[in-house]
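The structure under discussion appears below in the form of structure tokens.
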Amino acid sequence: MRTIGLLGGMSWESTALYYRVANELVREREGGLASASLLVRSLDFREVRVLQLEDRWDDASALLLQEGRALAAAGAELVLLCTNYMHKAAAPLETGLPVPFLHIADAVAASAPCSTIGLLGTAATMGEGFYRERLAQQGLTVLVPPDEDCALVDRAIFDELCRGVLSEGTRDQLRRVVGDLASRGAGAVALCCTELELLLRPEDSPVPLLPSARLHATAAVDAALG
């Protein structure tokens, strides 16, 4: 089993999900007392959020590369960035690490059961090209909500889910947004903020949901067990 490096803390709520899913998958596949070989680097999201809000993406990229290299130096044999939004700054990780870097959008694209999918995430993940273009390069047509619903989803992520708040009212609102994407032709909806899958469940959608954190962790375990 290869050692997986988890670069997380953005937020720690979703990093905890990665940790749990990876260990559950290894136990299911290997049996007995088997668990995943993991190294976890959990950053202070408060500091990372400042970089996001101040549009300091060069600084964010430098930070992620520094921390990714530290994981590799500590023994990680592949590295995951446990957040969708921060993949905006992930290019240096793909080219600058001495070990493989698994991009979360690739895991989502590989699991898509259709050619047209809806995308939910932070406002930037939905509105900018860094994520949608990666999916499009793999043959997917990507639909996003209208601006007012993008703002609603973004607030749900940063004001609630990243703070550990799980609200039934917010689930109802997100359920409507998902339904709207399905009515526009999305054959599946990708939850491309790792915190979203803490709230939305398969029964909340008329089409399959693609939980990015779980898919990403699964791809890592596949690679680790090889």
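Sequence positions in the sequence shown follow this note's numbering and run 19 to 244. Every residue, glycine too, gets a C-beta built ideally from N, C-alpha and C. Every value quoted in this text rests on a predicted model; they were computed, and no experiment measured them.
Check, Outcome
"Going by DSSP in three states, S230 sits in which element: helix, strand or coil?", "helix"
"Would DSSP call L99 helix, strand or coil?", "strand"
"Does DSSP put V195 in a helix, a strand or coil?", "helix"
"What separation, rounded to the nearest whole angstrom, lies between the Cα atoms of P224 and V196?", "8 Å"
"To the nearest angstrom, how far is the alpha carbon of L138 from that of P110?", "25 Å"
"So what's G205 in DSSP terms, helix, strand or just coil?", "coil"
"Using only alpha-carbon positions, find the residue among A130, R232, P164 and S185 that is nearest to L158.", "A130"
"Are at least three pairs of beta-carbons, each pair with one atom in the region 92–100 and one in the region 155–171, less than 8 Å apart?", "no"
"As an exercise, report each continuous beta strand (DSSP E) stretch of at least 3 residues that is fully enclosed by the region 131–168, in chain order.", "134–138 and 159–161"
"Taking P226 as the reference, which of A235, L199 and A237 has the closest Cα?", "L199"
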